[in-house]
Structure formats: C-alpha cells, structure tokens
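Working notes, beginning with the structure itself.
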Amino acid sequence: METKPYTRAYARDAAEIHMEGQPGTFLTRLGKDFLVRLYELFAELPYVFGSVAMDGETVIGVGFAATDTRQLFRTIKYQYWYRLLWPIVRQVLRDPGLISQLIQSIRYPNTLRPLPDEAEILFVGLRRHYMRQGIGPRILDELLEEASRRGAMRAVGTVEKKNRAVRWMIARLAGARMDQEITLNGRKMIVYRVELPVGVQREPPAGA
Numbered sequence: 527m528e529t530k531p532y533t534r535a536y537a538r539d540a541a542e543i544h545m546e547g548q549p550g551t552f553l554t555r556l557g558k559d560f561l562v563r564l565y566e567l568f569a570e571l572p573y574v575f576g577s578v579a580m581d582g583e584t585v586i587g588v589g590f591a592a593t594d595t596r597q598l599f600r601t602i603k604y605q606y607w608y609r610l611l612w613p614i615v616r617q618v619l620r621d622p623g624l625i626s627q628l629i630q631s632i633r634y635p636n637t638l639r640p641l642p643d644e645a646e647i648l649f650v651g652l653r654r655h656y657m658r659q660g661i662g663p664r665i666l667d668e669l670l671e672e673a674s675r676r677g678a679m680r681a682v683g684t685v686e687k688k689n690r691a692v693r694w695m696i697a698r699l700a701g702a703r704m705d706q707e708i709t710l711n712g713r714k715m716i717v718y719r720v721e722l723p724v725g726v727q728r729e730p731p732a733g734a
C-alpha cells in the first residue's frame, strides 16, 4: 500500500468510496454524478488538497482537507455553481426533501465557528474490504501534516456521533478535543479540534 497526492484522475474513485462509506447521507443522495464533479473541482481549487491510498493500481482510500472552508464554499457557490447545478436539480426533482438539506449545507462553514488559521478535514474514506488495517489513520495523519506545512495552526473535523471508528481515529491524536455538538441534516455530529502540528503544546484562541 502506498499513498499519493490526490488529482482529478481519482475523482470517480473518490465518489465511489464516498457513496460506499456514507450511504443515505446528503451528499450521497445528490448522486454519483454530483460527487464526481465536486471531487473534480477539489483537484482544481487552491483551498483544498487530498491524498489517495493505492493497492497496486486500485484506489482503496481517499481523504480531503481544506485550508479555508468558507472560501472553498464561496468559490464553488459563486464561480463554479454551473458545474454542479444539473446533477443537483435532477436529484431534487426526484427527492424534494433535499432542498432543506441543501440550504443547511450551504450555511455549514459558519456552523463550526471557524478559528483563525484553521484547516478542516472534509472527508476520509476507505473501500469496505480495506477497513481496520490502519489505512484511515495514515491518510488522516498525512492530511494534518500537509495542513501544517501549508501554514494551518489547527484543524477541525466533524464526525457523526455514532461513527465510533472515525471518532477513535481522531481521539488518538495528541491534544485532540471535542469542541461542540451540532445537528447537520438531521444527524448528530461532534466537532473535534486539534492544534498543529499534532502534539504541539499551545493554548487554543480565546473563546475556542
């Protein structure tokens, strides 16, 4: 197994891994075409980066982080909306209940009370056959190291409360702390924060 920087060529694999690991969630319900287009954008925009895990020529895991989530959302919403519009409209026509979740997701960055110089772990996922082999933690560690290298002083991540595997993956990090509990698209989520580089002794900003 080896890891590589994420590129546009892996967008379809990332979409498949997302749908396999998060069935029934909002982004998955928007469909594979939407996810492929979204992850193609992730390869093009400067505010996001990723890592893929490979077993030979097979993509078995993927992770993404943003150096500025609000700017990422803003750029997609105002400059690249046309690339995502059709798959969204198509799925909303089939499932009108997606509209309220779409509005909530657009407001998501402000829900986290973002802190200065903070990166966000957007997603870490694996193909089911490769779970529980230490690959997810390795991808997460690489994302955090790269975020620190790019100047982030801390990182934030949102995990579904019942997802014990990912919560453990974050809790093992030296200095990781539970910051708040939120509800997103009807799911209870826990917001975690950790100072970077992992293990550094630094007090979080006042009010954090």
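Under this note's numbering, the residues of the sequence shown are numbered 527 to 734, in order. Virtual Cβ for every residue (Gly too), placed ideally from N, Cα, C. Keep in mind the model is a prediction, meaning the values are calculated, not measured.
Length of the line joining the Cα atoms of residue i and residue j
| i | j | result |
| --- | --- | --- |
| LEU624 | GLY651 | 23 Å |
| ILE543 | ILE586 | 8 Å |
| LYS714 | PRO549 | 16 Å |
| GLY712 | ILE632 | 15 Å |
| ALA541 | PHE575 | 15 Å |
| ARG609 | LEU669 | 26 Å |
| ALA700 | ARG620 | 45 Å |
| GLN659 | ASP539 | 19 Å |
| VAL726 | TYR573 | 24 Å |
| PRO663 | VAL692 | 9 Å |
| ARG698 | VAL724 | 11 Å |
| TYR532 | GLY582 | 16 Å |
| GLY677 | GLU644 | 9 Å |
| ILE629 | PHE552 | 11 Å |
| TYR656 | SER626 | 34 Å |
| GLU528 | ILE661 | 10 Å |
| GLN706 | PHE599 | 22 Å |
| LEU571 | TYR634 | 19 Å |
| ALA801 | ARG728 | This structure gives no information on residue 801, because the portion of the chain shown stretches from 527 to 734. |
Unbroken alpha helix (DSSP H) run spanning residue i, endpoints
| i | result |
| --- | --- |
| GLN597 | 595 to 605 |
| ALA645 | Unbroken run through ALA645 is the beta strand (DSSP E), 644 to 652; no alpha helix (DSSP H). |
| PRO663 | 661 to 675 |
Residue range of the beta strand (DSSP E) that includes residue i
| i | result |
| --- | --- |
| TYR718 | 713 to 721 |
| ARG693 | Looking at the DSSP string, ARG693 is not in any beta strand (DSSP E); the run it does join, the alpha helix (DSSP H), is 690 to 697. |
| THR637 | That residue, THR637, is in no beta strand (DSSP E); its alpha helix (DSSP H) goes 634 to 637. |
| THR684 | 680 to 686 |
| PRO531 | 528 to 531 |
Residues sharing a beta bridge with residue i, DSSP
| i | result |
| --- | --- |
| MET704 | TYR718 |
| PRO615 | At residue 615 the sequence reads Val, which differs from the Pro that was named. Answer is none; VAL615 lacks a bridge partner. |
| GLU729 | Bridge partners of GLU729: none, in fact. |
| LEU624 | LEU624 pairs with nothing; no bridge assigned. |
| LEU735 | The chain is shown from 527 up to 734; residue 735 falls before or after that span and cannot be answered. |
| LEU710 | ARG713 |
At least three beta-carbon pairs within less than 8 Å, the stretch 673 to 686 to the stretch 640 to 657: yes
Length at least 3, wholly inside the stretch 547 to 598: the beta strand (DSSP E) runs in chain order: 574 to 581 and 584 to 592
At least 3 beta-carbon pairs within less than 8 Å: the stretch 663 to 675 vs the stretch 578 to 593: yes
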